[in-house]
Amino acid sequence: MRLTTLLLSAVWAVSVTAEPAWMPSQIKINEDLAVPGDNPLFFCADPKDNILKIEEVDLSPNPPEAGKTLSIKAKGDFKEPVEEGAKVHLQVKYGLITLINQEADLCETIEKADMSCPLEKGPMTLTKDVDLPNEIPPGQYTVLADVYTKDGDKITCLNAKVAFHR
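Those letters in the sequence shown? Residues -18 to -1, 1 to 148, by mature numbering (1 follows the signal peptide of the UniProt record, and there is no 0).
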């Protein structure tokens, strides 16, 4: 669960598609949609209509390393408030194996990143340190976090590729 919290924190600190982004068997990453900053994050689609305008996300170290502290710094701007009832669909894959594929309450999830709902309209900053366990198996992980309001409006949608080495 700690890895999930880390990845969601990084992705959150951190797109409108014709079908839900989690339906395909593979997480697709568009290299042209990189999130600004020093990070492995990509928008799922053009973020122009997203409620959260992510200005920058910096991870240190980038890429994250097992057994080290990951520092996350992010800046963004909410175009409107985000109320209770917002959801996040989180998918984490290790190679082709799906480790996590779940929908969660956004407000409960962001409490792990020391945030709470409602998320007010306007600028947002996040600074968070996460201790990564040594026991993260080496390999390629892909992450999808699709975040939307209770009415289905897109807050943000992010993908990431992270490789852990021994």
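Ideal placement from N, C-alpha and C gives every residue a C-beta, glycine not left out.
Since the model is a prediction, treat every value here as computed from it, not as a measurement.
Give every residue of the same chain whose Cβ lies closer than 6 Å to the Cβ of A57, excluding the five residues on either side of it in the sequence, and list them in chain order.
-> Here residue 57 corresponds to residue number 75 of the sequence shown, with the count starting at 1. Correcting the residue type first, residue 57 is Lys in the shown sequence and not Ala. In its chain, beyond the 5 residues on either side, E37, E38 and T107 have a beta carbon closer than 6 Å to the beta carbon of K57.
Where P18 falls: helix, strand or coil (DSSP) | On the sequence shown, position 36 is the one that residue 18 refers to. Coil at P18, not helix or strand.
Close Cβ partners of D20 (< 6 Å) along its chain, the five nearest in sequence each way excluded = Translated into positions along the sequence shown, residue 20 becomes position 38. If you ignore the 5 residues before and after D20, its C-beta comes within less than 6 Å of the C-beta of D40 and N44, all in its own chain and listed in chain order.
Cβ of I92 within 7 Å of any heavy atom in the ligand COA?
-> Only the bare structure without any ligand can be found here, which leaves the ligand COA out of the picture.
Cβ neighbours of D96 in the same chain (closer than 8 Å, five flanking residues each side left out) = On the sequence shown, residue 96 is found 114 positions in, with the first residue counted as 1. For D96, where only same-chain residues beyond five positions count, the Cβ hits under 8 Å are K110.
Rounded to whole angstroms, how far is the Cβ of V144 from the Cβ of P22, which I believe are closer than 8 Å?
-> For the purposes of this step, residue 144 is taken as residue 162 along the sequence shown, with counting starting at 1. For the purposes of this step, residue 22 is taken as residue 40 along the sequence shown, with counting starting at 1. That pair is a contact at about 6 Å.
For the alpha helix (DSSP H) holding residue 166, just list the boundary residues, first then last.
-> Outside the shown range of the chain (-18 to 148) lies residue 166, about which nothing can therefore be said.
In chain order, what residues of the same chain have a beta carbon less than 8 Å from the beta carbon of L88, not counting five sequence neighbours either side?
-> Looking up residue 88 in the sequence shown gives position 106. Correct list, in chain order: V64, A68, K69, V70, C99, V129 and I137.
Just mark N32 as buried or exposed, buried being the case when its beta carbon has 16 or more other beta carbons within 10 Å.
-> Against the sequence shown, residue 32 aligns to sequence position 50. With 16 or more other CB atoms across the displayed protein chains lying within 10 angstroms of its CB, N32 is buried.
Taking all protein chains shown into account, decide if A16 is buried (16 or more other Cβ within 10 angstroms of its Cβ) or exposed.
-> As a working mapping, residue 16 is identified with position 34 in the sequence shown. A16 comes out exposed.
In the DSSP assignment, what are the bridge partners of C139?
-> The residue labelled residue 139 in the question sits at position 157 within the sequence shown. DSSP lists D128 as the beta-bridge partner residues of C139.
In terms of DSSP beta bridges, what is H147 paired with?
-> On the sequence shown, residue 147 is found 165 positions in, with the first residue counted as 1. The partner list for H147 (beta bridge, DSSP) is empty, contrary to what the question assumes.
Which residues bound the beta strand (DSSP E) around I36?
-> Here residue 36 corresponds to residue number 54 of the sequence shown, with the count starting at 1. Per DSSP, I36 belongs to the beta strand (DSSP E) from L34 to S42.
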